[in-house]
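Worksheet: one structure, shown below.
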Amino acid sequence: MIVLSLCGVRRESRGSRRAGLPLLAAALLVGCSDDATAPNAANHRPVVSAEIPGQYLVAGAASAEVDLSPYFSDPDGDGLTFEAVSSDTSVVAAALADSLLSLSARADGEATVTVTAVDPQGTFVATTLAVRVMTDADRAALVALYEATDGPNWVNNENWLTDAPLGAWYGVSVSDTGRVTILDLSGEWNDEEWEWTPHGLAGPIPPQLANLTELQTLRLYHNRLKGPIPSELATLANLEGLDLSGNNLTGEIPSELGNLANLRRLRLGNNDLTGPIPSELGTLANLTSLDLDDNDLTGEIPPELRRYL
């Protein structure tokens, strides 16, 4: 969620200021004044072209990386440089390598990271992204799913985002040790209307679901999910069933899904997937059910998969 979007001209060295939103806002407001240092009319300020999604991280895990390029643009076509400042470095630290923002989660809590894009003339624009850090990897993954897929408007979101045990969250089953093993937020068949009723998930599948390392079954079929299938799901070594059918998913089927050695059921039908069918799926020795119907796939069916015809 964008918390702030301001523009201006740099009036002082940013390195001399303390990190923090109030001081940054003050500096930006001064930069937007109509004094003699206002930018030349021939130069246009950079703009925020899209909001940077909030990040849900696990303390102590590998750094999360965000490419800032899609979120800023310059009307003059100038190259932009970036700066990033965390509101609380004890929670999350921010570092930059060109346009790649790295976020290192340090402790449980919430913080904002202010990102500034600067053109060669010193004109800039700033925006912030919210960061939530948790120590429970499973809980963080589920929160990321809720936020990414319009959780408040699900048909049933009982106990989600509460302090209740994860096994009490609707659609979640856990092991004896409290790890998530089943996540089922699929739509339901309506006998009266003779059609599927979506559960209400709308938006992209967050890659953070890969943190559910004990997950055995993921069922999100017949919703309004969009965007690509995250290749990160291929790291779910215990996954036996993956059903994402009946959504609006796009892009190619990740070849990395061929790494899911325990997978028995793979259902990706009735989406808008494109490209060839990965031959790597033929290495899934335990696969007994495969559904790729009603997509826009191209090319030949790999010989390794013809046993499913």
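Just so we're aligned, residue 2 is where the sequence shown starts under our numbering, counting upward by one. Ideal Cβ positions, reconstructed from N, Cα and C, are used throughout, including at glycine. From a predicted model like this one, the values you see are computed outputs, not experimental measurements.
Candidates 153, 197 and 95, of which the one nearest residue 171 by Cα: Ranking 153, 197 and 95 by CA distance to the CA of residue 171 puts 153 first.
If you measure between the beta carbons of residue 70 and residue 91, is that distance less than 9 Å? Contact flag unset, no.
Inter-stretch contact (C-beta, 8 Å, three-pair minimum) for the segment 190-203 and the segment 127-141: No, the segment 190-203 does not touch the segment 127-141.
With 16 as the cutoff for other CB atoms within 10 Å, does residue 117 come out buried or exposed? Burial call: buried.
If you draw a straight line from the alpha carbon of residue 67 to that of residue 220, how long is it in whole angstroms? So the two alpha carbons sit approximately 27 Å from each other.
Could you pull the DSSP bridge partners for residue 225 from this structure? 203.
Terminal residues of the continuous beta strand (DSSP E) containing residue 43? That residue, residue 43, is in no beta strand (DSSP E); it is neither H nor E in DSSP.
Quick check on residue 296: buried or exposed, where buried means 16 or more other Cβ atoms within 10 Å of its Cβ? Under this definition residue 296 is a buried residue.
Beta carbon of residue 241 nearer than 9 Å to that of residue 287: In this structure, residue 287 lies closer than 9 Å to residue 241 by Cβ.
Rounding to the nearest angstrom, what Cα-Cα distance links residue 277 and residue 293 in this structure? Rounded to whole angstroms, residue 277 to residue 293 spans 11 Å at the Cα level.
For residue 265, which residues in the same chain have their Cβ closer than 8 Å to its Cβ, ignoring the five residues on either side in sequence? The beta carbon of residue 265 lies closer than 8 Å to those of 241, 242, 287, 288, 289 and 290 in the same chain, with the five residues before and after it left out.
Quick test of the definition: if touching needs 3 or more C-beta pairs under 8 Å, does the segment 250-263 touch the segment 224-239? Contact holds: three or more Cβ-Cβ distances are below 8 Å.
If we count the other Cβ atoms within 10 Å of its Cβ and call it buried at 16 or more, is residue 50 buried or exposed? With fewer than 16 Cβ atoms within 10 Å of its Cβ, residue 50 is classed as exposed.
Three-state secondary structure (DSSP) at residue 144? Residue 144: helix per DSSP, three-state reduction.
Among 165, 178, 306 and 80, the one whose alpha carbon lies nearest that of residue 285: Among 165, 178, 306 and 80, the Cα nearest to that of residue 285 is on 306.
Taking the straight line between their C-alpha atoms, what separation do you get for residue 302 and residue 224? Residue 302 and residue 224 have their C-alpha atoms roughly 27 Å apart.
What are the start and end residues of the beta strand (DSSP E) that includes residue 253? First-last of the beta strand (DSSP E) with residue 253: 249-253.
Collapsed DSSP secondary structure at residue 171 in the structure displayed: Looking at residue 171 - three-state DSSP - the assignment turns out to be coil, as it is neither helix nor strand.
Name the DSSP bridge partner or partners of residue 56? Partner(s): 132.
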